[in-house]
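Colleague: Residues 1 to 306 in our numbering are what the sequence shown spells out, letter by letter. For glycine and all other residues, C-beta sits at the position ideal for the given N, C-alpha and C.
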Amino acid sequence: MAHVLGQNQYGKAENRIVRVYRDSTRHEIKDLNVSVALQGEFEDVHLTGSNANCLPTDTTKNTVFAFAKEYGIDSAEAFGILLARHFVDDTERGVVHSARIRIEEYAWDRIKTPDNSARFIGSEEVGHSFVRSGQETRTTEVVYDGEKVQVISGLKDLIVMNSTNSEFWGYIKDKYTTLQEAYDRILATQVTARWKYGYSGRDGEAQPNWNRSYTHVKRHLLEAFAETYSYSLQQTLHSMGTRVLNNRAEVDEVRLELPNKHHFLVDLEPFGLKNDNEVYYAADRMYGLIEGTVHREGVVPVIPVV
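1) Using the three-state DSSP reduction, which class does His46 fall into: helix, strand or coil?
2) Which whole runs of the alpha helix (DSSP H) in the stretch 182-256 are 4 residues long or more, in chain order?
3) Please work out which residues of its chain come closer than 6 Å, Cβ to Cβ, to Thr192, disregarding the five sequence neighbours upstream and downstream, and give them in chain order.
4) Should the stretch 247-262 be regarded as contacting the stretch 286-296, the criterion being three or more beta carbon pairs within less than 8 Å?
5) So what's Pro259 in DSSP terms, helix, strand or just coil?
6) Could you check which residue in Ser213, Ile152, Arg185 has the C-alpha nearest to that of Glu167?
7) Only counting runs of 4 or more residues, tell me where the alpha helix (DSSP H) segments fall wholly within the stretch 76-121, in order along the chain.
8) Quick one: grab the DSSP three-state call for Thr57.
9) Report the CB separation of Gly11 from Ala37 in whole angstroms; it is logged as a contact under 8 Å.
10) Please confirm whether His238 and Gly292 have their CB atoms less than 8 Å apart.
11) Three or more beta-carbon pairs under 8 Å between the stretch 192-211 and the stretch 248-256, yes or no?
12) Please classify Thr164 as buried or exposed, where buried requires at least 16 neighbouring CB atoms within 10 angstroms.
13) Our contact map puts Lys142 next to Ala84 with C-beta atoms below 8 Å; I'd like the distance itself, whole angstroms only.
14) So Thr60 and Tyr106 are in contact, right, with Cβ under 8 Å, and what is the actual spacing, rounded?
15) Output yes or no for whether 8 Å exceeds the beta carbon distance between Trp210 and Ala52.
16) Quick check on the burial criterion: 16 or more other C-beta atoms within 10 angstroms. Buried or exposed for Val126?
17) Could you compute how far the alpha carbon of Ala282 sits from the alpha carbon of Tyr229?
18) Using the Cβ count rule (16 or more neighbours within 10 Å means buried), how would you classify Leu179?
19) DSSP has Arg16 in a bridge; who is on the other side?
20) Quick one, are the C-beta atoms of Val160 and Ala188 less than 8 Å apart?
21) Taking Cβ positions only, does Val142 come closer than 8 Å to chain B?
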């Protein structure tokens, strides 16, 4: 029976790179985890072992670091587009047909120091001390096929909670249902969000302001979560997605993954105490997982379901 080589790709995954800008005493930091995956004319590499069309993964790693120095990192999206275009357009003999760049960005905050005599002389001018931010990780995925660019950005591990304004009742009940209806509950989740930009990288098309867009998309996600009186996490998901699309014209599609971080009231009656929605058990396993995509009418969704 004949065998056929199917989809294949290769590259260097998880290149951890920290770019420090030392243009003044107030340093700036970009901390990225960059993964490169290439597709193209690589059949011989698999079938015969010939490396004639193989760009070494070590070269892709070196390119990431060299580009960080040569071009800097204004945003994860712009850096990913530069890399993807280079691997497709500049690789010898045009053997690379498509490049996918996935980036995670880790935020750092400056360490604030007290205004007292214990500070060393001149420390107020030296902005070089940071602490890793404890909030979300920023993500982006850039794919370039030689003609158009696709940018899907996002965030993960953004933990949010509403201590009230959430209910869950009126659901299907059968002989296996034990969950009690709730008319005032905690709603908490760990947001994973991805959104696709309308930007396609055609000649003359201006890139969005990636950093500003990210800041505002995150703000709208949070505001929608806070302002929605929720009867289900599904309803909240839809509110978050539509809020982004209503306010950010550069975004065409939003996909959200919202695990329900369940909080269960603790039975305090054995101790002669009344629990008036005050003491909860926070369960991390098992959890409901709510997922969904919201997109503009006429837009074909492309964010993968994973």
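Modeller: Walking through what the data contain:
1) helix
2) 210-227, 233-247
3) Lys156, Glu257
4) yes
5) strand
6) Per the C-alpha coordinates, the member of Ser213, Ile152, Arg185 positioned closest to Glu167 is Arg185.
7) 76-89
8) helix
9) 4 Å
10) In contact: His238 and Gly292 (Cβ atoms closer than 8 Å).
11) Look at the beta carbons and you see the stretch 192-211 touching the stretch 248-256: at least three pairs across the two are nearer than 8 Å.
12) Thr164 should be labelled exposed.
13) In the sequence on display, residue 142 carries Val and not Lys. So it is a contact: roughly 5 Å between Cβ atoms.
14) At roughly 21 Å, the Cβ-Cβ gap does not stay under 8 Å, so Thr60 and Tyr106 are not in contact.
15) no
16) Unreliable placement is indicated for Val126, whose pLDDT of 45 sits below 50; no coordinate value is reported for it.
17) 21 Å
18) exposed
19) Answer is Asn33.
20) yes
21) Of the protein chains in the structure, only one exists, and it is not chain B.
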